[in-house]
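Chains as they are written, first to last, in numbering that gives the first Met the number 0: chain P, 0 to 359; chain W, 0 to 359; chain L, 0 to 359; chain S, 0 to 359.
The C-beta atom is built at its ideal place from N, Cα and C for all residues, glycine as well.
For clarity, every value in this text was computed on a predicted model and none was experimentally measured.
There are 4 protein chains.
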Amino acid sequence: MNSYGRVFRISTFGESHGKAIGVVVDGCPAGLELDLAFIQHELARRKPGQSAITTQRKETDEVEILSGVFEGKTLGTPIAMLIWNEDAKSKDYSHLADVFRPSHADYTYQAKYGIRDYRGGGRSSARETAARVAAGAIAKQVLQKIGVKIWAYTSQIGKLSLEKNYQELDFSLIEQNEVRCPEPALAQAMVEYIKEIRKEGDTVGGVVSCVIQNVPVGLGEPVFDKLHAELGKAMLSINAVKGFEYGSGFEGAKMRGSQHNDIFYTDESGKIRTKTNFSGGIQGGISNGEDIFFRVAFKPVATLMQSVKTINEKGEPTTIQGKGRHDPCVVPRAVPIVEAMAALVLVDFYLISQISQKIK
Amino acid sequence: MNSYGRVFRISTFGESHGKAIGVVVDGCPAGLELDLAFIQHELARRKPGQSAITTQRKETDEVEILSGVFEGKTLGTPIAMLIWNEDAKSKDYSHLADVFRPSHADYTYQAKYGIRDYRGGGRSSARETAARVAAGAIAKQVLQKIGVKIWAYTSQIGKLSLEKNYQELDFSLIEQNEVRCPEPALAQAMVEYIKEIRKEGDTVGGVVSCVIQNVPVGLGEPVFDKLHAELGKAMLSINAVKGFEYGSGFEGAKMRGSQHNDIFYTDESGKIRTKTNFSGGIQGGISNGEDIFFRVAFKPVATLMQSVKTINEKGEPTTIQGKGRHDPCVVPRAVPIVEAMAALVLVDFYLISQISQKIK
Amino acid sequence: MNSYGRVFRISTFGESHGKAIGVVVDGCPAGLELDLAFIQHELARRKPGQSAITTQRKETDEVEILSGVFEGKTLGTPIAMLIWNEDAKSKDYSHLADVFRPSHADYTYQAKYGIRDYRGGGRSSARETAARVAAGAIAKQVLQKIGVKIWAYTSQIGKLSLEKNYQELDFSLIEQNEVRCPEPALAQAMVEYIKEIRKEGDTVGGVVSCVIQNVPVGLGEPVFDKLHAELGKAMLSINAVKGFEYGSGFEGAKMRGSQHNDIFYTDESGKIRTKTNFSGGIQGGISNGEDIFFRVAFKPVATLMQSVKTINEKGEPTTIQGKGRHDPCVVPRAVPIVEAMAALVLVDFYLISQISQKIK
Amino acid sequence: MNSYGRVFRISTFGESHGKAIGVVVDGCPAGLELDLAFIQHELARRKPGQSAITTQRKETDEVEILSGVFEGKTLGTPIAMLIWNEDAKSKDYSHLADVFRPSHADYTYQAKYGIRDYRGGGRSSARETAARVAAGAIAKQVLQKIGVKIWAYTSQIGKLSLEKNYQELDFSLIEQNEVRCPEPALAQAMVEYIKEIRKEGDTVGGVVSCVIQNVPVGLGEPVFDKLHAELGKAMLSINAVKGFEYGSGFEGAKMRGSQHNDIFYTDESGKIRTKTNFSGGIQGGISNGEDIFFRVAFKPVATLMQSVKTINEKGEPTTIQGKGRHDPCVVPRAVPIVEAMAALVLVDFYLISQISQKIK
C-alpha cells in the first residue's frame, strides 16, 4: 500500500508526469501552528535544479494545502497537500514506451500490473519522494515541540568517504556546500568528482548518514516493530537505497562483545547514559536516550547519459540513448528525504508512546 | 505490536522464563498437509545446546499445536503453537533483578514499562525467535508448493569472511558443519575462532547471507512496502541485528552506474533475465525473478562470561559476573531464524500477489 | 483514521468549507477502463440541489482525477480524486463560531481537538460522503466485472414505511421519483410528507434498505471480520445513521428457530440455495450466494429552520436561528451513499477472497 | 483476520472441539495488578451449564495464563490465555461430518476453505466467545481505573420485551435471575417461556441492551472509525447477532428533528450535558460524556432438538436429528459477551485518546 505509519499516517499518490503528486497526512495532532514556509523550504532542499550537480528538471514544487488546516492551525483532520507537475516534458519519454530500462522498475511494474506509465518512471520515479518531504516537514514541526533534532548528511560519494565519527562533526556546515557534507575539504572533492562523472555521462552512488538528537527514552516497540527495524524499512523504501545499518552496523559484526558493549553510567544530572554508543541509541528496539545514528547506502542512478543495451517489451534487444535531465548522483538530494522519513518514523513512535504503557 | 505480516500474520508471545512461548499463525491457506516433523526439525536447527559452540541451555523445544489443524490438514483458521519452557533456571537470574546489563534491553524496558521480567531478558530474550522459526516452518511449507527455496548461511564470523559470490557456493554443504558456512575450510577456522573466543569469556559478531531461489516475478509493492524494505524490517527485528543490505549493498554505493546496471536479455526459454544481479533480485521494490540476495549483520552477544561494570536501577555503579549458559556467537543459530523471517515475508507477499492486480 | 478497507483502501480528506474534499483510492486493480461519466453520475445522485426536497446548496461536484489513471486505464497505483468546494458561503456560518448546535458534532470535536472548523460542520459535515461516493463508483466498476449488483432504496420516511419484502419490488422504479422509493404511491406520499415537514422548518428520519445480488459464495471472514460486521461498521460510519440490521434483523429476535432457519436445497442447476433468506445472504459471517439484504436507520437532520435553544463554548445559554440551506430529510440522498459503502465493503472482501484459501 | 482492536489488540484461536481455545492480548498497559478471579468470574457468567435454561455441556472453562504477567502484574507484553477443551464429546458430531446444518456456517466454511472441522461447528462455534470474555475481563480492569462501568442485560426474549427506558432500571438486579433481565416479573416470564420453548425442542431469539457509564468525552474518531461504528462491528461479530442500534436507533427514524435533538445545558458542576439522550452518548462518532446506550438483536439458535430437513455435501436431501446439548436461547449467556466486546472497543479508544490530539 502507498501509506506509511500507524498513528501519524501518510498516504502518497501521483505519477512523475501525471497531473500532480501529493500526500494526505492523517493523525497529525490538532492545534499545531503550521509553518508553510518551512514545508516549502524542505521541498527546496530536495527539488531538482537546485545546483550545478543536480538534474536541471525545473519544478517549482509549490505545495498547496487543501484540508486539515484552519486559520493557520491543524484541525486534527487529514492534511492533504498537492504539488502540481509543471515541467513534465512527456515527449522526452515516448522512446521508452515499450522499452525496459536496465535497473529501473519498468520490467517489474509491467510484469506486475500489465500496464505502466512509462513517462519518467511513472509511480516508481523518485519524484514521489517530494510528497514524503512535505509530510516529513510537518512531522519535524511536531518533533520540534519536544526538542528532537534530525541531521542527515552525505558521508560518502563513490569511494570518497568521511572517516570521522559523527560526534566530531559540525552539523552547521552541512548546508554550506552543494553536496551536503559537513567536512568542507571532502565536500569540495565530492563536488569535483560528481562533475567529472557527469561529463562521462555516468553516475555514482554514496552514503547518507543521519543523527537524531534529544530522542526521548522509550520509543520503539519490542519484537517486530523495533525502532531500528522501522527506521530500516523507512530508509529502504526510498528509491535507490541498497543498505541500512545503525550504531556499529556491519563493522559491529567484526567486533568482540568486550569492545562492543556500551557501559552505563549516571551523569552529573542523574541521567542514565552510556560511555560509547555502538548501540546507535537503540537497545532491544527501544530508544535509550543517546543519539540515534544510522547510515543509508544509495546505488548509482540507473539512467546514464550514454548509449545502453537493453530489451523491449517483446524481449527483443534494443538500444536506448540517455536523454532528458538526470542526476549524476542522487545522494545530496537524498539528504532531506532521509531526514523526512526519519521524522515520520520518530513522530509515529512518539505519538504511540503517549499511550499509557504504565498503569498509574 | 507483537505481530508481523499482512495476510499471513503471526503473533508471538512469551517470556524467556515464563510458562511457555508461542505463536498464532493467522491466514495460512486451508488444506495444507502440515508436516509437523519439519517444524520440529527447523526448531532443532535453532535450539540451544545443539553443538559444542552454542549455549548449553537445554530445551527440547517440542512444539504443541492447539488449533487450526484437523485430520492433519490446515483449516484456514488460526494455528496456535506452544513451546513450554522447561529448563528455565530462574535462580540463575536473581542477581540481575535490579541491574541493567550493558547493551541489553534491561534499561529500555524498565524505562518504557516501569516493570520487566528480568529472568533471562524476559520478552527481549532471543528465545522469542523460536516462535518465529515454528511459524516460518509453516511458511516454508506453503512456499514449497511454488518451488521457492531459501538458503541462509554464515558468511562472516568476526573478521573471518567468505569472499566468494553466492553463485559459486554449494548450498548442500551449509549444514555439514557446526557454523553453517558452505566453505568447509573457512568453516573450520570459524569454529576454532569461536572456541577461542569462548575460552576468553568473550563473544563475537558475524554476518548471515541469504539467497532465495525461484521467486515469482511481481512480489512486493511500490513505494513503502517494497519487497526489500519488508525483508529489511524483518531481519532488523531479529535480536542483535545491526545492518541489512541486499544486492550490491554498501559496496554498491562505491560503484558507477555503468558498472552497476543489470543488463536485460532474453534466455533460450524466452524468459527475461539479467546478466548480472547487483539488484539482488528486486527492482523498484518488486521481485524480477532473479535470485534474491541479502546480508544481515549481527553484533557480538552482549552477555560475557567476564566481570562487567554497570549500574543498578538506582543508577549506582555495580559489577556483574557473567554466569549461566550463553552463546559465544549467535550467528550459526541465527541462520534458521533469518530463513524463517525470509519465509514469512515471502509468503505474505506471495499471498497478496494473488489479489488480481490486473482486471481481466 | 480517515481510511477504510484492507486491500481496496480509501482515504478521504477535506472540510465542508475548505478548498476541496477528496479521496485517495489505493489497491484498485490495474487495467480497469475507468468510466468517468459513471463516477460523475453517482455524484449527481448524491449532490445537493438535485430536487425540490433537498438542500438548495449548489455544488457542481465535478471530480478531477489527479493520479492512478493512464490513457484511460487504472495503473494499480493510488487514484486521487478531488472535488473543489465552490458554493462555500462561509458567511452563513459565522454566527456558529462559538456555539454548539444540538445533536451535531460541534461540542465533541471541540472537546476532542480543542479546535474546529465551524463552517458547515467542517470535517463532520456529510459533504465528506461525496468522496465516498466517488470511490464507491470505482468499486462498483470492479464489481460489475463479476456481475455484482447493488440496489439501495428508501423504505421508510418517518412513519411511512414500505411493507413489502424486497423480493416483491421492481428496482427499476427506484430512480423514478425524488425520494427513491420503488413503490410509486408510497413514494408520492413520502414526497408530500417531506414537503410538509420542510414547511414547518422541521426534519424527519427514515430507513434505507439495500439488496446486493450475484454475490459470490465465500466473501467475509470468520470471527471479527464477518461480512455483515463490516457492512454494519461501514453503514454506521455514514452521518446520521442510528442502526443497522441484516436479514431478519430485529424482527428475527422475536422468532423461533423452527421458523427462522433457512432450509437448504439444490436447485435445478445444481447450485446450493436456501428456501428462505432470513440469513440475509450471510451465514457465519460469510456470503452464501443468496441476496444480501440489510436496512440502515437514519435519524432526522439536526439542523432545523427554527429557533433553537443551546449553549455556547463558555457553556452559557444562547439561541440559534436555523438559516442556510438544509435538507428536511437526508434519506433520498443517502441512497447512493449506502450503495457506495456497500460497494467498498464488497470489493474489499472480493479482492481478499482471491488470496488462495485452499492449497492446490 | 482473527484479531480485533488497534492498540489493545486481541487475537483469538481455537476450534470448539480441538485441544484448546485461547486469546493473545497485545497492548495491555504494563503494571496492572491482574485479578485472575475476576477473569474466571466473567467466564463463569458465559459458560455453559450454569443454569436450567442453558446447554448442559460441561466446561470448567478454567483459564491458564502463559505469558505477559510477572509477579501478578502485567508486563506490557502479550498476555496469552488458554482454555483447554474438556467436555468435547466428538462422537456427538460424527453424523454431521458431511451434512450442512441449516442457518449454520457449515456450508459457507466448506465453500470457502474446502475443509472444515465439523465437530460442534469448529471455529464457527460460539465457544470462541469464551476467549473474548477472558480478554474483555482484562479490558474491564483497565477501564475500572478510570471509572467506566458497563451494564448489559436481557431486554427481550421472543416477543417478551422490556418497555422501560434504561434510566428507570436497577442494574443491580441483572444478575439476580437466570435470564439476566433487571425487571424481576418480566424475568420470571422469560424463564418460563424459554423452558416452554425448550420442551418443544425449539429455540428463540432476543435482544441484549447495554449501558456504559462514566465514559470520558472524546472517545471515537471521525469519519470511518466512529465510536458507534466500531461498537456496531464488535457486536455484529458476535455469533447469532442480526442487528445493532444505538441511542434512538430504528425508532429515531420515525422521529422529527424537533423531538430528536438533544438540547445542551450546563449542569451545576459546570459540566456540559444534554437534557435527553437520543444520541446514545455519541455525537459525530465521538463520546459526549452521556451514557452510551445500544441494543443488539440475536436470532434464535439454529440447532433444534427436532428432526430437520437439509442437504449433504453432495447436495442431496437428508435429515438430521438434533442431539447433543444446546441452548434454547443464547441471550442470557450473551450478556457477558456483549459486555466483553464493549469493553474491548472502549479500552481501545481510551488508549488511542491518550495520543495527544492537541499540541500544547
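Exercise. What span of residues does the alpha helix (DSSP H) with residue 191(W) cover, start to end?
Worked result: 183-198
For this session: Excluding the 5 residues preceding and the 5 following residue 155(L) in the sequence, name in chain order all residues of the same chain whose CB lies nearer than 6 Å to its CB.
Result: 205 and 206
Exercise. Helix or strand or just coil, what does DSSP make of residue 336(L)?
Worked result: helix
Problem set entry | Residue nearest to residue 166(S) in terms of C-alpha spacing, selected from 275(S), 179(S) and 29(S) | 275(S)
For this session: State the Cα-Cα distance for the pair residue 37(L) and residue 137(L), rounded to the nearest angstrom.
Result: 9 Å
Problem set entry | Whole runs of the alpha helix (DSSP H) within the segment 215-243 of chain S, excluding any shorter than 4 residues | 226-235
Problem set entry | Extent of the continuous beta strand (DSSP E) to which residue 132(S) belongs | Looking at the DSSP string, residue 132(S) is not in any beta strand (DSSP E); the run it does join, the alpha helix (DSSP H), is 128-143.
Exercise. Residue 343(S) to residue 52(W), Cα distance in whole Å?
Worked result: 47 Å
Exercise. Would you call the CB atoms of residue 78(P) and residue 20(P) closer than 8 Å?
Worked result: no
Problem set entry | CB contact check: residue 65(W) to chain S, cutoff 8 Å | yes
For this session: For residue 34(P), decide whether its Cβ has a neighbour in chain L, counting only Cβ atoms nearer than 8 Å.
Result: no
Problem set entry | Any 3 or more C-beta pairs closer than 8 Å across the segment 285-299 of chain S and the segment 239-251 of chain L | yes
Problem set entry | Nearest neighbour of residue 219(S), chosen from 287(S), 101(S), 92(S) and 332(S) [CA to CA] | 287(S)
For this session: Verify whether the separation of the beta carbon atoms of residue 321(P) and residue 200(P) is less than 8 Å.
Result: yes
For this session: Would you please verify whether the beta carbon of residue 18(L) is less than 8 Å from any beta carbon of chain P?
Result: yes
For this session: Output, in chain order, the set of chain S residues within a Cβ distance shorter than 9 Å of residue 221(P).
Result: 75 and 76
Exercise. Sorry if obvious, but does the Cβ on residue 337(P) come closer than 7 Å to a heavy atom of the ligand ADP?
Worked result: Among the components modelled here there is no ligand, and therefore nothing to report on the ligand ADP.
Problem set entry | Secondary structure, alpha helix (DSSP H): runs of 4+ residues fully inside the segment 93-133 of chain S | 105-112
Problem set entry | For residue 66(W) and residue 54(W), believed in contact at Cβ under 8 Å, the rounded distance | So it is not a contact: roughly 31 Å between Cβ atoms.
For this session: Compare the beta carbon distance of residue 10(S) and residue 10(W) with 8 Å and say whether it is the shorter of the two.
Result: yes
Exercise. When the cut-off is 8 Å and only beta carbons count, does residue 354(W) lie next to chain L?
Worked result: yes
Problem set entry | For residue 238(W), the nearest candidate out of 234(P), 223(P) and 313(P) (CA to CA) | 223(P)
Problem set entry | Contact residues within the segment 114-125 of chain S, judged by C-beta distance below 9 Å to chain L | 114, 120, 122 and 123
Exercise. In chain S, which residues lie with their C-beta within 7 Å of the C-beta of residue 263(W)?
Worked result: Ordered by position in chain S, no residue passes the 7 Å Cβ test against residue 263(W), which lies about 39 Å from the chain.
Problem set entry | Strand pairing of residue 81(P), partner residues [DSSP] | 21(P) and 63(P)
For this session: Flag this pair as yes or no: are the beta carbons of residue 31(W) and residue 73(W) separated by less than 8 Å?
Result: yes
For this session: Answer yes or no: does any C-beta atom of chain W fall closer than 8 Å to that of residue 206(P)?
Result: yes
Exercise. How about residue 354(S) and residue 353(P): are their beta carbons less than 8 Å apart?
Worked result: yes
Exercise. Run through DSSP, which three-state label would residue 295(L) get?
Worked result: strand
For this session: List the endpoints of the continuous beta strand (DSSP E) containing residue 283(L).
Result: Careful: residue 283(L) lies outside any beta strand (DSSP E) and carries neither H nor E.
Exercise. Per DSSP, which one or two residues make a beta bridge with residue 45(P)?
Worked result: DSSP output for residue 45(P) lists no bridge partner at all.
For this session: Enumerate in chain order the residues of its own chain whose CB-to-CB distance from residue 265(S) is below 8 Å, with the five nearest sequence positions on each side excluded.
Result: 271 and 272
Exercise. Looking at the structure shown, is residue 346(W) part of a helix, part of a strand, or coil, going by DSSP?
Worked result: helix
For this session: Leaving aside the five residues before and after residue 216(S) along the sequence, list all residues of the same chain whose C-beta is less than 7 Å from its C-beta, in chain order.
Result: 286, 287 and 288
Exercise. Roughly how many angstroms lie between the CA atoms of residue 212(P) and residue 133(P), to the nearest whole one?
Worked result: 21 Å
For this session: State the Cα-Cα distance for the pair residue 150(P) and residue 210(P), rounded to the nearest angstrom.
Result: 5 Å
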